[in-house]
Amino acid sequence: MADQEASGDRIQPEQIGVVLIGRNEGERLRQCLDAVPGFVGRVVYVDSGSSDDSVALARSRDVEVVELDLSTPFTAARARNAGFARLRREAPGIRAIQFIDGDCSLVPGWIEAAAEALSESPCRAAVCGWRRERFPEASIFNRFCDLEWKAPPVGDVGPFGFGGDVMIRVPAFESAGGYDEGLIAGEDPDLSARLRFAGHEVIRIDRDMTLHDADMHSLRQWWTRSVRGGHAVAELAWRYRDEGLFARHLRSLLIWGILLPAFFLSSPVFFGVSFWKAWLVITTLYGLQILRIARSQDPARFDRKEALLWGLSCVGSQLPTAIGALTFAWSRLRGRRRELIEYK
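In my numbering, each number is its position in the sequence shown, counted from 1, plus 3.
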């Protein structure tokens, strides 16, 4: 590491820029801004048409503000690219960008840890850590989100890549072309995949990164978020069909989310199976799948109750996720672009 520092390869705090994106985040944005350490080189907030005081709040903290043009549809990808462009214009010496969603807050020490990990190898393009829910006990849906953040492994991020909170080297981001603004969801795993296909390392380190407020208190919100996830999986599976990326996950959600429910509904009519026998078979299959997922979780990160809840979350979300995949297919067949899917 001493040689690395001497050679000037180590990314210094003042060489890190922060891009925050948000829309009507209110108190969450205040917490997000307060958590950004003062030693970073530059901070940019990108606002996607907020009707609250988000823009005024950001400006009161001497943060550079970018207000997106209302005439073009908003996407997270568009907001992040706009923030990156402003940073490059105002602070050309920035070497790495910490992207963060406006409903999240950086954990103290994360910026330093991420910069250290990024500096360990010139092939390392992006580093993420653990996102945690700020209020996991507020609802079962918040708890599901908290478990979702715990599920990915440390090390190579794999096909699902990083999320909205990540530190990325500037040259790698530019060479990849940034985020794809045509995606209404799944822009993060898409960029992660392009970085990995280009030969870069994209890793997750065993370090808390951000606190997130899902603020989900209804079945409708959870359902809509799952639909959005399914749309993203289907679109990325189609985009990377030659590489087979997401193909296995897409097959799984279609089997568990569409085919099995269809069998349950049609078996009394077409197969002469009684309703109760069909119910017994399908509930047994879903129950076994929940147990299989629970048993596959790392006991160092999941206790028994958490593992079972995570299994329930995965299996329970298959129907809305599959519906999301079908909405992508339907939109593609009609040649129309799907509108943004928002759950809060």
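Yeah, the Cβ is synthetic: ideal placement off N, Cα and C, and Gly gets one too. Since the model is a prediction, treat every value here as computed from it, not as a measurement.
| Check | Outcome |
| --- | --- |
| Can you tell me which of Arg45, Phe200 and Ile187 puts its alpha carbon nearest to the alpha carbon of alanine 179? | Phe200 |
| For valine 66 and glycine 20, what's the separation of their Cα atoms in angstroms? | 12 Å |
| Which residues share a DSSP beta bridge with glutamine 18? | Looking at the DSSP assignment, glutamine 18 forms no beta bridge with any residue, so it has no partner. |
| Which same chain residues, not among the five before or five after serine 334, have their C-beta less than 8 Å away from its C-beta? | Arg340 and Arg341 |
| Write down the C-beta distance between arginine 45 and alanine 94 rounded to the nearest angstrom, noting that I regard them as a contact closer than 8 Å. | 4 Å |
| Tell me, to the nearest whole angstrom, how far the beta carbon of glutamate 190 is from that of glycine 105; I am working on the premise that it is less than 8 Å. | At roughly 16 Å, the Cβ-Cβ gap does not stay under 8 Å, so glutamate 190 and glycine 105 are not in contact. |
| Identify every run of the beta strand (DSSP E) within the stretch 14-83, keeping only runs that are complete inside it and at least 3 residues long; order them along the chain. | 19-25, 45-50 and 67-70 |
| Residues in its own chain within less than 7 Å of valine 68 by CB, not counting five upstream and five downstream? | Tyr48, Asp50, Val58, Ala61 and Arg62 |
| Counting beta carbon pairs with one atom in the stretch 291-305 and one in the stretch 148-157, are three or more of them shorter than 8 Å? | yes |
| Do you know whose CA, among Asp183, Cys148 and Leu194, lies nearest phenylalanine 77's CA? | Asp183 |
| Indicate the three-state DSSP secondary structure (helix, strand or coil) for leucine 214 in the structure shown. | strand |
| Decide if cysteine 126 is buried, meaning its Cβ has at least 16 other Cβ atoms within 10 Å, or exposed. | exposed |
| Under the assumption that aspartate 168 contacts cysteine 131 (Cβ atoms under 8 Å), give the Cβ distance between them as a whole number of angstroms. | 7 Å |
| Are there 16 or more other CB atoms within 10 angstroms of the CB of alanine 392, so buried, or fewer, so exposed? | No statement about residue 392 is possible, as the shown extent of the chain runs from 4 to 347 and does not include it. |
| Taking DSSP as the reference, what is the three-state secondary structure of serine 178? | helix |
| Once the 5 residues before and after isoleucine 296 are set aside, which same chain residues still bring their CB inside 6 Å of it? | Gly314 and Cys317 |
| Report the rounded CA-to-CA distance for leucine 109 versus arginine 135, giving the unit in angstroms. | 10 Å |
| DSSP three-state call for alanine 129: helix, strand or coil? | strand |
| Just confirm the distance between the C-beta atoms of isoleucine 293 and phenylalanine 267, as a whole number of angstroms; I'd bet it's less than 8 Å. | No, isoleucine 293 and phenylalanine 267 are not in contact; Cβ-Cβ is about 16 Å, not under 8 Å. |
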